[in-house]
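Using this note's numbering, you'd call the opening residue of the sequence shown number 2 and step up by one each time.
See structure below.
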Amino acid sequence: MTQSQDRTCDQVGNQTFDVVIIGGGLVGASLGVALGPADRKILLIESVAHQSAQQPSYDERTVALTYSAKRIYSAMGIWQEIESRQAQPILDIHISNQGHFGQTHLSHKDAGTDALGYVVPTRVLGDVLWRQLKMDGNTEIACPARANNLHQRDNYCLVDICQGKNTRRIKTALVVLADGGRSALARQINSAAISMDYAQSAVLSIVTTDRPHRGRAYERFTKEGPLALLPHSTASAGKIDQRFAAVWTTRQENLQTRIALSDDDFIAALQHCFGDRAGNFSHPSARKIYPLKRALLPEPGNNRIIVIGNAAHTVHPVAGQGFNLGLRDVAHLAELIFSHTPSGADSEFGNQSMINAYARSRKRDTEMVTCFTHSLVEIFSNDFKALGFARNLGLTTIEHFPPAKRFLLKRTMGLAGRQSRLEAGIPLGKQQTGKPQTKDYAKG
C-alpha cells in the first residue's frame, strides 16, 4: 500500500525490526535460519503452525534438493541434521521419451560429486528449519499470526499484524514476502505479474516397487507432460528402500478421471504409462493434486519490500527447479543483508538501492530457470512428429556428447553461473561487510 493510498497510517509502530519475513514455509524459514548469525533483529510471521495438519508447506510431499541446496544448508550449519533424517541421495537420473527411442542417463560420476541431489520429505525439512529458528536469539516468531497490511514509507515500512484477538503495528527497514504463489501482499505491491496456466495438474503419490531403487530417479516425458519418479528413503533402519515419490503431470481434461481411480486402477495406469524399468508398482499413498502454472514478477520488490520464492516466481515442476530457485533467492538476499553494517549505521539498508542490487543479482538465474522449465514442457508435452524427432535426437546427443551432458548437469544441479557465498558452501559471518563477494565458485 502506497503512502497516497493510506490516509490512516501516521501512527508509527511501537516495535522496530531490521527485517520482517512474512511467510514461514520452506523459503521464509530458510531465510530466517540464514540470517540467524546476522547482527539484526528479525521477525518471522507465519499464519499456520509448522506441526499443524493444515500447514501446506510441511505435509507428506517430498522436495528434490539440488547439490547447490546441499551447499547452502551446509553453510547454514543444518545439512548434517537434514541428511540424517531421510535425505535420499539421487545418484543418477534416467530420462526417456514415452514411445520413442530417445533417452539419456545422468550420473553423479559425470558431475564429480557424491550425488546429483537429494530427496527430502518437506515435514523433515520443516522440523529442522523451525528447530533452528527457535534456537536463534535474534529472531522473534509470530505464529500463528497474519500480516494484514503493509504501509510503505520512504525510510521504513509499517506492518499490521493480527495475532489472535490482538492487532499490533510494527516498524521495519525491510519486509521480505515469502508467503507463496498466492501471495495477496505481493499482488498489493506489484500487480504486473506475468502468468500462464499450463492447464495441467501434478498428481502426487508415494508408490512401492518390487526392487530397490538404488538412488536412481526417473523423468519420463509423455504426451500429457513429465512423469517423475524420485527415490524415497524409508524411515525404518535396515529396511531396503523400494519406494518412489511419483509426480505425474496430468491434463485438466483427464484429471477427474485419474483421481477417481481405485488404488489398483491407479497403479495399473501408472505402470502402463511408465513401463517396468523401475519394477512393478504397488501400495500407492493417497493422491494429492496441485495445479501447475508459470508466474513471474518482472520486478521482485519496491520501496522497502522484496519478494522471494514462489511469491516472486512459480515454475513448472519439471526438472525439480522451483524450490531450489527460491532457495538461491535466500542465499543472495542473505549475503546482501550481511554485507550491510547494522541499521542505524547504514542508511542504505532496505532502501531502493539495496532492492535494485538484489533484483540485479537474481535476474539472470530466474529468467534462465523460467525459460528452461517452460521450454521443456513446450518441447516434450505434445504430439508433433517433427518435434518428436528433435526430442529423440536431443536426448541421444546428450547421452553421447559429454560437454552437453555437463552443461545440463550444471544447470539442473544449480551450479551454473555466478554463485553466492552460501551456494559455494561458505558460511556468512558477522565480519562480512561491504559489497557481496559473488563470483563463479562453480568453476573451482
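By construction, the Cβ of each residue, glycine as well, lies at the ideal position given by its N, Cα and C atoms.
Keep in mind that this is a model prediction, so the values were computed, not measured.
Practice problem: Go through its chain and collect everything with a Cβ distance to LYS440's Cβ below 6 Å, but skip five positions before and after it. | Solution: At LYS440, the pLDDT of 48 sits below 50, so the modelled position is not reliable and the matter cannot be decided from this model.
Quiz item: Buried or exposed: where does ALA148 fall if 16 or more other Cβ atoms within 10 Å of its Cβ makes it buried?
Solution: Its Cβ being crowded by 16 or more others within 10 Å, ALA148 is buried.
Quiz item: Hey, quick one: how far does the alpha helix (DSSP H) through VAL49 stretch, first residue to last?
Solution: Note, VAL49: premise wrong, no alpha helix (DSSP H); not H, not E.
Quiz prompt | Selection from ILE338, LEU423, ALA193, GLY78 that minimises the alpha carbon distance to LYS42 | solution = Taking only the C-alpha atoms, the option nearest LYS42 is ILE338.
Quiz item: Which same chain residues, not among the five before or five after HIS51, have their C-beta less than 6 Å away from its C-beta?
Solution: Excluding sequence neighbours, HIS51 sits near TYR59, GLY127, TRP131.
Quiz item: Can GLU400 and ALA360 be called in contact, C-beta distance under 8 Å?
Solution: In this structure, ALA360 does not lie closer than 8 Å to GLU400 by Cβ.
Quiz item: Would a C-beta distance cut-off of 8 Å place LEU159 and ARG169 closer than the cut-off?
Solution: The Cβ atoms of LEU159 and ARG169 lie no closer than 8 Å to each other.
Quiz item: Quick one: what's got a C-beta closer than 7 Å to ASN164's C-beta in the same chain, skipping five residues either side?
Solution: The displayed chain sequence assigns Gln, not Asn, to residue 164. So the qualifying residues of the chain are ALA143, ALA146.
Quiz prompt | Spatial distance of ASN311 from ASP265 (CA atoms) | solution = ASN311 and ASP265 have their alpha carbons spaced roughly 35 Å apart.
Self-check item: Simplified DSSP state of ILE79, which is helix, strand or coil
Solution: Collapsing the DSSP output to three states places ILE79 in coil.
Self-check item: LEU175 beta carbon less than 8 Å from that of ASP40
Solution: In this structure, ASP40 keeps its C-beta atom at 8 Å or more from the C-beta atom of LEU175.
Practice problem: Please state whether DSSP places ASN281 in a helix, a strand or coil. | Solution: Three-state DSSP puts ASN281 in coil, outside helix and strand.
Quiz item: Around the Cβ of PHE102, are there at least 16 other Cβ atoms within 10 angstroms (buried) or fewer (exposed)?
Solution: Burial call: exposed.
Quiz item: Rounded to a whole number of angstroms, what is the C-alpha to C-alpha distance between GLN433 and VAL34?
Solution: With a pLDDT of 46 at GLN433, under the threshold of 50, the modelled position of that residue is not reliable, and the figure given next carries that caveat. Cα-Cα distance, rounded: 17 Å.
Quiz item: DSSP puts LYS289 in a beta bridge; with which residues?
Solution: Beta bridge pairing from DSSP links LYS289 with LEU205.
Quiz prompt | Residues that ILE356 bridges to, as DSSP identifies them | solution = For ILE356, which the question treats as bridged, DSSP gives no partner whatsoever.
Self-check item: Bridge partners - HIS109, DSSP secondary structure assignment
Solution: Answer is none; HIS109 lacks a bridge partner.
Quiz item: Taking three-plus beta-carbon pairs below 8 Å as touching, is the segment 315-331 in contact with the segment 60-78?
Solution: Cβ pair count under 8 Å is three or more, so yes.
Practice problem: Examine the ligand SAH and report whether any of its heavy atoms sits within less than 7 Å of the Cβ of GLU368. | Solution: Ligands displayed in this structure: none; no statement on the ligand SAH is therefore possible.
Quiz item: Are the CB atoms of LEU297 and THR371 nearer to each other than 8 Å?
Solution: Yes; because the gap between Cβ atoms is below 8 Å, this pair is in contact.
Quiz prompt | Cβ-Cβ separation, VAL248 to ILE22 (assumed contact under 8 Å), whole Å | solution = Between VAL248 and ILE22 the Cβ distance is about 28 Å, and since that is not below 8 Å, they are no contact.
Quiz prompt | Rounded straight-line distance, which links the Cα of ILE91 to that of SER234 | solution = Looking at the two C-alpha atoms, the distance is approximately 11 Å.
Quiz item: Apart from the five residues on each side of it in sequence, which residues of its chain come closer than 6 Å, Cβ to Cβ, to SER362?
Solution: For SER362, where only same-chain residues beyond five positions count, the Cβ hits under 6 Å are HIS333.
Quiz item: Which residues in the same chain as GLN16 place their Cβ atom closer than 6 Å to its Cβ, once the five residues preceding and following it in sequence are excluded?
Solution: Same-chain partners within the cutoff: ILE171.
Quiz item: Can you list, in chain order, the residues of its chain whose CB lies under 8 Å from that of MET414, leaving out five sequence neighbours each side?
Solution: Result list for MET414: THR67, TYR68, SER69, ALA112, THR114, LEU117, GLY118, in chain order.
Practice problem: Using the Cα positions of LEU416 and PRO404, report the straight-line distance between them to the nearest angstrom. | Solution: Each residue's Cα considered, the two are about 15 Å apart.
Quiz item: VAL21 by DSSP, collapsed to three states: which one?
Solution: The three-state reading of DSSP puts VAL21 in strand, counting E and B together.
Quiz prompt | Beta bridge counterpart(s) of CYS144 as assigned by DSSP | solution = Per DSSP, CYS144 has no beta-bridge partner at all.
Quiz item: Where DSSP assigns a beta bridge to VAL308, which residues make up the other side?
Solution: VAL308 is bridged to LEU178.
Exercise. Using the DSSP secondary-structure output, state which residues sit across from TYR157 in a beta bridge.
Key: TYR157 pairs with nothing; no bridge assigned.
Quiz item: Comparing alpha-carbon positions, which option in SER53, LYS135, GLN104, GLY100 lies nearest ALA30?
Solution: Of all alpha-carbon atoms in SER53, LYS135, GLN104, GLY100, the one lying nearest the alpha-carbon of ALA30 is that of LYS135.
Quiz item: Cα separation between LEU36 and ALA335?
Solution: Taking the straight line joining both Cα atoms gives about 6 Å.
Practice problem: Assign MET355 to buried or exposed, taking buried as 16 or more other Cβ atoms, counted over all protein chains shown, within 10 Å of its Cβ. | Solution: In summary, MET355 is buried, with 16 or more beta-carbon neighbours lying within 10 Å of its beta-carbon over all protein chains present.
Quiz item: Does the distance from the CB of ILE190 to the CB of SER286 come in under 8 Å?
Solution: Cβ distance not < 8 Å, so ILE190 and SER286 don't count as in contact.
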